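Going left to right, the sequence shown walks through residues 2 to 79 as this note's numbering numbers them. Beta carbons: idealized from backbone N, C-alpha and C, even for Gly. No experiment lies behind these values; they were computed from the predicted model shown.
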Amino acid sequence: MRRAPLRSKTITADAAKAPEARFYTLKPGDTLWKIAEAEYGHGHGGAYHLIFEANKTLLSDPGKIFPGQVLRIPPLSG
């Protein structure tokens, strides 16, 4: 009986290299800009749109966020 070559190791290795998203629970006074600065580093507040896009099923407007909501924080590319 002949076995097919194992390809899952390559897929697993590639998946292991990919950064995973984190999650953040909103607190009073949070803004997507502040969260982007905290998660991605000083000077990256403008990347708030990545957080908004990753949470479009939950958010209708980047300015309408509420304490207790749990947002997905995608990795910063590049």
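Judged by DSSP secondary structure, L60 falls outside any beta strand (DSSP E); it is assigned neither H nor E. Beta-bridge annotation (DSSP): L72 is paired with Y25. Taking 8 Å as the upper bound for CB-CB distance, L77 and Y49 are not in contact here, some 11 Å apart.
The C-alpha of A37 lies about 18 Å from the C-alpha of S61. In the same chain as F67, and ignoring 5 residues on each side of it, the C-beta atoms closer than 8 Å to its own belong to L27, in chain order.
Taking K35 as the centre and dropping the five residues before and after it, the same chain places the C-beta of G46 closer than 8 Å to its C-beta, in chain order.
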